[in-house]
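Below is one structure; the comments refer to it alone.
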Amino acid sequence: KGENMKKIILALLISLTSIFLLTGCTNEIDKLITVESDIKIENSDGEIADQDLLKTGMKITITDTKGDSFYTIIIKGDINGDGKIDTTDYLLYRKYLLELYDFDEIKYEAAKINGIEEVNTTGYLYMRKYLLEIGDIEKW
């Protein structure tokens with residue numbers, strides 16, 4: 001399963017490379033991955049990831065001849081970091097809006113769905129539509 005996770009991360013990094021090319025951030029491409037790179041994927045608790053599911057809060061360490069590069073995975077809508085967008089994430093969003101729950105930086109970024117700049121009722125409605133299967137959430 002670890003090899004599948006590395007393939008998923010490689011696909012993600014290729015996608016990031018495309019984004020960097022489109023946005024003109026070509027200096028970031030060299031930092032992402034080389035042939036001699038070693039990729040380590042950890043769950044948010046620091047344990048080595050052994051499943052094929054990407055989750056918000058997972059850490060990626062890429063080690064190559066240039067040193068270590070560190071990345072945190074954020075899946076838009078996956079606020080609780082279980083790899084799914086479900087009613088638990090929806091309830092956390094609601095609690096945040098009602099000021100009954102506070103997001104850390106990673107959860108806050110995961111809650112900024114469909115291009116919204118800050119966590120607000122618009123994002124909450126996007127999530128509701130997604131759960132009712134009448135809308136979508138951009139995952140990256």
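With the numbering used here, letter number 30 in the sequence shown gets 30, and the count goes up by one each step, no holes.
Ideal Cβ placement from N, Cα and C applies to all residues, glycine included.
Of all alpha-carbon atoms in 81, 65 and 64, the one lying nearest the alpha-carbon of residue 72 is that of 81. Listed in chain order, the non-local C-beta contacts of residue 135 below 7 Å within the same chain comprise 126 and 129, local neighbours out to five positions each way being set aside. Secondary structure of residue 67 (DSSP, three-state): strand. Your pair residue 56 and residue 78 checks out as a contact, with CB atoms roughly 4 Å apart and the cut at 8 Å. Residue 120 and residue 65 have their alpha carbons spaced roughly 43 Å apart. In this structure residue 137 is not in contact with residue 110, their Cβ atoms being roughly 10 Å apart against a cut-off of 8 Å. Within 10 angstroms of the beta-carbon of residue 107 lie 16 or more other beta-carbons, which makes it buried. Taking 8 Å as the cut-off, the beta carbon of residue 61 is found no closer than this to the beta carbon of residue 131. Using a 10 angstroms sphere on the CB of residue 100, the tally of other CB atoms stays under 16, which defines it as exposed. Assigned with DSSP and collapsed to three states, residue 42 falls in strand. Taken through DSSP and simplified to helix, strand or coil, residue 48 comes out as strand.
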